[in-house]
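For the sequence shown, the residue numbers in the numbering used here are 442 to 873. Where a beta carbon is used, it is the ideal one built from N, C-alpha and C, also for glycine. Just below is one structure, and these are the notes that go with it.
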Amino acid sequence: MEEKDEKLMEKIISLCKRRGFVYPGSEIYGGLAGTWDYGPLGVALKNNIKTLWWKKFVDSRIDMYGVDAAILMNSAVWKASGHVDTFTDPLVECTKCKKRFREDTLKEKGICDDCGGKTGEARQFNMMFATQIGAVEDSSATVYLRPETAQGMFVNFKNVVDSFHPKLPFGLAQIGKAFRNEITPRDFIFRVREIEQMEIEYFIREDGWEKYFEYWKNEMLAWMESMGLDMNKIHELEVKTEDLAHYSKRTIDFEFDFPFGLKELYGLAYRTDFDLKSHNLIYQDEETNTKIIPHVIEPSFGVDRTFLALMLSSYKEDISGEEVRPYLSFNPSVSPVICAVSPLLKNKPELRDYAHIIYRNLKDEFGRVMWDDNGNIGKRYRRQDEIGTPWCIVIDFDTLEDNSVTIRDRDTGKQERVKKEDIIEYIKDKMN
Ligand code: GAP
């Protein structure tokens, strides 16, 4: 990693910790590799990402059905899906320091990244987390934490068809946790062991799958743009035939220019009829009056990687003043806080009481509103800039006279006086 990129990652990780976005998992016990905890602002950002995704891909469509399947599934699911046999990564061990690595992530093949020793033969390591269900500890009690949300949708295909009789094409969508025993979790929340996915299984007739593949590619690009991801940093990678997952006939990875390299952000796969066939599921096609096995286009999005790409796309430094002013230029729709409300002085009851009324009204309207009376006004602006709050509202002594407040814009630093009764409309207007 170049020095400037390393610095950028350090800044993002430090901001995330300091301002309550992301903390190391189990931190007070020394942490647990590959796990991170989302703090108050991190949860808000993640919830906004998920809500917008659900709105765009489920609620606003007439051909999409949401599900929320159990994380623990019968082991037969993973046998049928091919994950028991093929969901593996090549694991190598250093013959000198005994550290283990994923072979394809080594800087130099055959050489230990840590001590420069030689690595041994690669063996296939299954990435599913196995656990035991119930009180009996034998192999019949083994279950896996799901490594993808996708199978929770395939196994409910028949249930949804029986309940709603959807006509092809239609999709199932799910947001939820998935678990992977990554050999080398790394790069902050980029490669973690407990992840959150937002996935769609879109069922189609085999004929014309290319058209739907193209359609979903464009939908994914439109989503990235609407989130405010830096589109100059998005690149499409046509996955080579020899690198395709066992279920895929064609995959495009949307890669993002992360500071640690160009890496997968999202995936779009043509899963053919592999999964429904594996689970012996068929569909009565009324159009042709035949029983068919639908084919599947799968747009797959990681929440954690969206989060990181969004932080990196939004992080800016304003160098026009005496000091560097870091801020996150989030769209108001994803921003953890839409506006912050402050009395100019903390110890003046008349300002506090007035500010509290405004705060309560805005909170009832927008929900994501923060009360901030800590430190002087300059410090509050800096703090709000750093967490990406688009507007800061200050109640000062003039407010008591003329019932207007100061609204400061995060990106430009410009301030406007707005009448108390116009604040909500002012913000709604700006948001649109
Ligand atoms: N159902 C298909 C599937 O799971 P995948 O490419 O293995 O495909 C989909 O994963 C998405 O999940 C990735 O594009 C990425 O956004 C996210 N993802 C996968 N493994 C991850 C990990 N270890 N840490 C964070 N995100 C991960």
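Item                                                                                                           : Value
Nearest-angstrom beta carbon gap, VAL835 and LEU803 [assumed within contact, 8 Å]                              : Not a contact, Cβ separation roughly 13 Å.
Of the residues PRO790, TYR707, SER845 and PRO588, the one placed nearest ILE386, counting alpha carbons only  : Any property of residue 386 remains undetermined from this structure, which presents the chain solely from 442 to 873.
Beta-carbon gap between LEU613 and GLU642 smaller than 7 Å                                                     : yes
Near the ligand GAP: VAL633 beta-carbon under 6 Å from a heavy atom                                            : yes
Candidates TYR795, GLN638, LYS869 and PRO790: closest to GLN592 by CA position                                 : GLN638
Pick from LEU586, ALA563 and GLN565 that is closest to GLN573, judged by C-alpha positions                     : LEU586
Bridge partner(s) assigned by DSSP for VAL782                                                                  : TRP812 and ILE834
Buried or exposed (CB count within 10 angstroms, at least 16 for buried), PRO773                               : buried
Proximity of TYR688 and PHE644 at Cβ, strictly below 7 Å                                                       : no
THR682, buried or exposed, once every other Cβ within 10 Å from all chains shown has been counted against 16   : exposed
Closer than 6 Å: GLY593 CB and nearest the ligand GAP heavy atom                                               : no
Nearest to GLU562 (by Cα), restricted to the options GLY575, LEU456, ARG793 and PHE542                         : PHE542
Cβ-heavy atom distance, ARG543 to the ligand GAP, below 6 Å                                                    : no
Opposing strand residues paired with GLN856 [DSSP bridges]                                                     : ARG849
Rounded separation between ALA474 and GLY551 - CA only                                                         : 24 Å
The region 782-799 touching the region 821-837, judged by at least three CB pairs closer than 8 Å              : yes
Residue environment, ILE431, which counts as buried when at least 16 other CB atoms sit within 10 Å            : A query on residue 431 cannot be resolved here, the shown segment of the chain reaching from 442 to 873 and no further.
Boundaries (first-last residue) of the alpha helix (DSSP H) holding LEU706                                     : Per DSSP, LEU706 belongs to no alpha helix (DSSP H); it is in the beta strand (DSSP E), 702-713.
Selected residue, minimal CA-CA separation from GLU623, among VAL601, PHE528, LEU662 and CYS556                : PHE528
Distance between HIS797 and ILE865 (C-alpha atoms, nearest Å)                                                  : 15 Å
Residues near ILE828 by beta carbon distance below 7 Å, same chain, minus five either side                     : ARG460, LEU482, LEU769, PRO777 and VAL778
When ILE693, ASP446, GLY617 and LYS539 are compared against TRP636, the one with the closest alpha-carbon      : Note on identity: in this sequence residue 636 is Ile, with Trp being the wrong assignment. Nearest option by C-alpha distance: GLY617.
GLN615 CB to nearest heavy atom of the ligand GAP below 6 Å                                                    : no
Whole-angstrom distance between ALA485 and CYS457, CA atom to CA atom                                          : 13 Å
Reduced DSSP category for CYS457 - H, G, I as helix; E, B as strand; rest coil                                 : helix
Under the three-state DSSP convention, the category VAL577 falls into                                          : coil
Among ASP694, ARG821, ASP843 and LYS855, the one whose alpha carbon lies nearest that of PHE654                : ASP694
Cβ-heavy atom distance, TYR711 to the ligand GAP, below 6 Å                                                    : no
Residues near GLY708 in its chain [Cβ-Cβ closer than 7 Å; skip 5 each side]                                    : THR692, ASP694 and SER741
Sequence-distant residues of the same chain with beta carbon closer than 8 Å to ASP446, five excluded per side : PRO700 and PHE701
Limits of the unbroken beta strand (DSSP E) element including PRO880                                           : Past the boundaries of the shown model lies residue 880; the chain is included only from 442 to 873, so the question cannot be answered.
Sufficient close CB pairs (3 or more, under 8 Å) joining the region 489-499 to the region 591-608              : no
Beta-carbon proximity of PHE570 to PHE631, cut-off 7 Å                                                         : no
Delimiting residues of the alpha helix (DSSP H) encompassing PHE654                                            : 650-668
Cβ neighbours of GLU806 in the same chain (closer than 6 Å, five flanking residues each side left out)         : ILE865
Through-space distance from LEU547 to CYS538, alpha-carbon basis                                               : 15 Å
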